[in-house]
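For reference, the structure discussed in these notes is given below.
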Amino acid sequence: FLALKITKVNWQSKLNKAAHHTSDYSSTEAIFRRGQPFNISLNIKTTVQSWDNFTFIASTGPSPAESQQTKVVFTLSEEGASGWSAAQEPREPGCLSFTILSPASAVIGRYKLRLQVLSGNKVFSKVLGQFVLLFNPWCPDDDVYMANERERQEYVLNDSGIIFQGLEKDIQQEAWNYGQFEEDILDISLAILDRSLNHREDPAVDVSNRNNPVYVSRVVSAMVNSNDEKGVVEGKWAGKYRSGTNPLQWSGSVTILRKWHRGRYRPVRYGQCWVFAGVTCTVLRCLGIPTRVITNFNSAHDTNINLSIDKYIDISGKTLHLTEDSVWNFHVWNESWFTRRDLGSFYDGWQVLDATPQEKSKGIYQCGPASIRAIKEGDVNLDYDSPFVFAAVNADCVTWIRHSKKRKERIYSNTRKIGKCISTKAVGTNSRVDVTANYKYPEGSSKERQVYKKALKLLGVRRTGKKPKIRKPKRRFSRAQTPSISGKLILDASPVIGQDILLTLSLRNLISDFKTIKVKLKASAILYTRRPKAEILELYRSIKLGSEEVKEFSFGIPYSQYKNSLMDDRKILVTAVCQIKKGASLLVEKDIVLQDPFLTIKVLGPTVVHQAVNVEVTFTNPLSDEVTDCVLRAEGSGLLKEQLRISVARMAPMESSTVQFEITPYRSGTRQLQVDLVCIHFSDIKGFVTLNVAPA
1 FLALKITKVN
11 WQSKLNKAAH
21 HTSDYSSTEA
31 IFRRGQPFNI
41 SLNIKTTVQS
51 WDNFTFIAST
61 GPSPAESQQT
71 KVVFTLSEEG
81 ASGWSAAQEP
91 REPGCLSFTI
101 LSPASAVIGR
111 YKLRLQVLSG
121 NKVFSKVLGQ
131 FVLLFNPWCP
141 DDDVYMANER
151 ERQEYVLNDS
161 GIIFQGLEKD
171 IQQEAWNYGQ
181 FEEDILDISL
191 AILDRSLNHR
201 EDPAVDVSNR
211 NNPVYVSRVV
221 SAMVNSNDEK
231 GVVEGKWAGK
241 YRSGTNPLQW
251 SGSVTILRKW
261 HRGRYRPVRY
271 GQCWVFAGVT
281 CTVLRCLGIP
291 TRVITNFNSA
301 HDTNINLSID
311 KYIDISGKTL
321 HLTEDSVWNF
331 HVWNESWFTR
341 RDLGSFYDGW
351 QVLDATPQEK
361 SKGIYQCGPA
371 SIRAIKEGDV
381 NLDYDSPFVF
391 AAVNADCVTW
401 IRHSKKRKER
411 IYSNTRKIGK
421 CISTKAVGTN
431 SRVDVTANYK
441 YPEGSSKERQ
451 VYKKALKLLG
461 VRRTGKKPKI
471 RKPKRRFSRA
481 QTPSISGKLI
491 LDASPVIGQD
501 ILLTLSLRNL
511 ISDFKTIKVK
521 LKASAILYTR
531 RPKAEILELY
541 RSIKLGSEEV
551 KEFSFGIPYS
561 QYKNSLMDDR
571 KILVTAVCQI
581 KKGASLLVEK
591 DIVLQDPFLT
601 IKVLGPTVVH
611 QAVNVEVTFT
621 NPLSDEVTDC
631 VLRAEGSGLL
641 KEQLRISVAR
651 MAPMESSTVQ
661 FEITPYRSGT
671 RQLQVDLVCI
681 HFSDIKGFVT
691 LNVAPA
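Numbering (the UniProt record's numbering), first residue to last: 1 to 696.
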């Protein structure tokens with residue numbers, strides 16, 4: 001038998017991880033990026049003199065095959081047909097060193113590496129071990145190549161970030177812990193691919209497609225929601241969250257992904273759009289695809305894709321649910337960066353992915369990747385799901401007053417345009433970058449109208465298997481009559497939870513006549529999807545306006561009136577329907593987000609790897625009632641291995657309280673510590689602090 005004994009396999013972990021930008025992964029496994037060489041050394045005892053007959057076999061997936069590029073065979077002397085190659089480094093006594101190079105188009109995933117040596121007619125074969133191969137944004141030949149190093153640091157290596165929420169005129173920062181390098185997250189990300197419908201239907205074909213970021217990202221967009229294949233997160237936008245976690249209480253992806261994994265892949269309850277986008281960002285960054293989180297304010301959910309969102313109200317201003325269409329205060333999705341070989345190089349770059357289960361695509365709840373170049377140019381015939389994304393940022397919003405079953409009136413509304421302040425976190429800082437211009441031409445420009453008409457025309461034809469089937473977009477009604485009055489709702493002060501809300505309705509007569517205006521004011525507690533959940537206030541007023549006169553009417557919403565109706569979103573929609581006899585009606589709307597009291601975080605000393613430091617958190621009970629059973633939670637990648645929970649037994653009305661806890665950083669660099677006060681009496685009070693952790 002061939003006298004070759006391998007006493008040790010050295011995967012050169014530190015050297016390879018530094019070269020492959022995988023040092024941050026909390027794993028002892030060998031983790032490489034495709035299209036880049038890695039080194040491996042073998043300690044041997046042998047009597048064999050000839051080294052020309054070494055063959056390496058790398059295989060991935062349940063049924064590896066050379067025809068599917070999931071099994072690759074390559075020798076020292078020549079590059080295999082697969083594009084994999086190996087070279088021997090200068091030999092030292094008792095040690096063999098090799099450099100192995102995978103192609104930039106290799107299938108990603110966990111591989112087994114086997115060595116075969118032929119001597120005479122005898123074959124020696126040994127499994128050297130396993131390694132994980134990832135996408136490589138540092139490699140110019142990889143489809144996910146990103147040329148700018150600062151952008152790679154942000155979109156691949158940054159394990160924390162900011163997700164923007166709130167309103168177009170009141171944009172708020174929410175910290176999110178992506179944690180793609182934390183323990184088990186790489187394993188869980190690979191498990192997500194293995195649990196997809198595609199994998200269950202045909203594992204061999206599914207694994208062979210994992211060389212393509214278009215394919216992998218689409219699978220992830222389907223798997224992060226639970227709707228079809230028991231994916232990671234179950235969505236919920238109504239009712240109570242007693243059988244799970246309120247979506248507002250999550251602060252990061254790590255807890256969610258581990259809960260899914262440890263619970264034997266039972267979907268984690270519950271998520272809303274920012275949760276789906278946060279988890280998607282974690283998984284794609286973990287696999288090596290540059291990804292960021294995007295917020296679209298005044299986001300249209302156009303169920304029939306006719307680029308028109310019809311909203312119905314009754315004469316008091318109450319929302320009527322006569323259509324599935326809606327406009328959300330904000331909606332959060334992802335963009336990933338890669339080339340589109342399927343569409344052509346014009347469509348390379350950022351691609352929209354949306355894991356929030358809203359509409360089915362090819363039979364399952366998935367969305368994207370849709371090229372943002374295709375969205376901007378109105379190329380809504382291109383894969384994948386570009387009509388849905390185009391509508392989200394471009395649809396028209398039309399408001400109707402329904403007087404009776406037979407009579408409705410299109411009402412002039414001060415409602416903002418769809419698709420405003422499209423936002424993402426800046427590279428290297430927590431500031432907001434507006435990326436609206438990536439999605440559309442300037443509002444009202446001739447180019448914007450041209451693109452809109454092109455999209456309408458393309459959406460009029462839906463091709464089916466046999467012959468083109470014409471689907472006319474729903475008839476577009478004449479414009480709303482412009483009223484002879486204008487109006488606005490003004491907040492007298494920034495509203496804080498626990499305090500009364502003071503508002504003023506200002507009305508202006510635009511012409512030189514005398515008129516009486518009947519005003520119906522309504523305030524409702526809403527979700528961020530703008531779906532009303534509870535009525536808070538209803539007022540009727542008659543206001544007389546002289547020629548070109550301006551009148552103001554002030555009113556309040558007492559805390560006692562809204563405290564039991566307010567949803568966890570802390571959002572209130574105030575509407576004023578202003579009707580003039582024999583004249584066009586006017587709808588004035590105001591979205592309000594109640595501010596949380598601030599939570600302050602102080603780190604009491606320098607932050608150094610493996611050195612404990614105390615953190616002091618101060619917060620205030622915002623209510624004029626005693627609160628009990630609150631919990632302070634803290635998390636942060638590189639700072640805390642698991643989420644920390646501290647009970648806060650009771651707080652008197654308006655009382656401030658201080659809690660101290662200890663953290664021991666385990667990774668250097670810029671780190672984000674997130675703190676969250678959870679209480680059943682009011683929605684979460686959140687805060688975060690950015691720390692620069694020095695190496696040990």
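Even glycine gets a Cβ: it sits at the ideal position worked out from N, Cα and C.
Only a predicted model underlies this, so the values are computations on that prediction, with no experimental measurement involved.
Buried versus exposed call for residue i [16 or more other C-beta atoms within 10 Å across all chains shown]
i, result
"Ile511", "exposed"
"Tyr540", "exposed"
"Met223", "buried"
"His331", "buried"
"Ile57", "buried"
"Val127", "exposed"
"Lys686", "buried"
"Ser63", "exposed"
Through-space distance from residue j to residue i, alpha-carbon basis
i, j, result
"Phe124", "Lys5", "9 angstroms"
"Thr46", "Ala30", "26 angstroms"
"Asn10", "Gly235", "45 angstroms"
"Ser67", "Ile40", "26 angstroms"
"Gly271", "Ala355", "11 angstroms"
"Thr28", "Ser668", "18 angstroms"
"Val609", "Tyr666", "5 angstroms"
"Ile536", "Leu502", "14 angstroms"
"Thr516", "Ser371", "51 angstroms"
"Trp350", "Pro387", "17 angstroms"
"Lys230", "Arg266", "7 angstroms"
"residue 779", "Val389", "With the chain covering 1 to 696 only, the question about residue 779 has no answer from this structure."
"Lys454", "Gly419", "18 angstroms"
"Pro442", "Tyr347", "20 angstroms"
"Asp625", "Val496", "15 angstroms"
Coil, strand or helix - residue i by DSSP
i, result
"Thr255", "helix"
"Gly687", "strand"
"Val268", "strand"
"Lys8", "strand"
"Val132", "strand"
"Arg449", "helix"
"Met223", "helix"
"Leu456", "helix"
"Val72", "strand"
"Ile680", "coil"
"Tyr559", "helix"
"Gln499", "coil"
"Cys139", "coil"
"Phe390", "helix"
"Tyr215", "helix"
"Pro532", "strand"
"Asn16", "helix"
"Phe276", "helix"
"Gln643", "coil"
"Asn148", "coil"
"Tyr241", "coil"
"Thr356", "coil"
"Asn198", "helix"
Beta-ladder partner(s) of residue i, from DSSP
i, result
"Gly487", "Leu507"
"Leu328", "In the sequence as displayed, the identity of residue 328 is Trp instead of Leu. Per DSSP, Ser299."
"Gln660", "Glu616"
"Trp337", "Trp350"
"Pro37", "Leu101"
"Lys126", "Leu115"
"Trp400", "Tyr312, Arg410"
"Ile171", "Gly166"
"Trp176", "Gly161"
Chain D contact for residue i (CB, 7 angstroms cutoff)
i, result
"Val268", "Of the protein chains in the structure, only one exists, and it is not chain D."
Next on the checklist: Check whether the region 86-100 and the region 154-165 are in contact - that is, three or more C-beta pairs closer than 8 angstroms.
Outcome noted: no
Checklist entry - Do the region 330-343 and the region 304-311 meet, that is, are 3 or more Cβ pairs less than 8 angstroms apart? => result no
Item to check | Validate contact between the region 585-599 and the region 562-571 using beta carbons, cut 8 angstroms, 3 pairs | outcome: Flag = yes, the region 585-599 and the region 562-571 touch.
Next on the checklist: Across the region 308-324 and the region 401-413, are there enough close Cβ pairs to call them in contact, namely three or more that are closer than 8 angstroms?
Outcome noted: yes
Next on the checklist: Count Cβ pairs between the region 668-677 and the region 630-644 that sit closer than 8 angstroms; are there 3 or more?
Outcome noted: Yes, the region 668-677 touches the region 630-644.
Item to check | Touching by the beta-carbon criterion (3+ pairs, under 8 angstroms), the region 287-302 and the region 162-173 | outcome: yes
Checklist entry - Is it a yes or a no for the region 337-347 touching the region 369-386, going by three-plus beta-carbon pairs under 8 angstroms? => result yes
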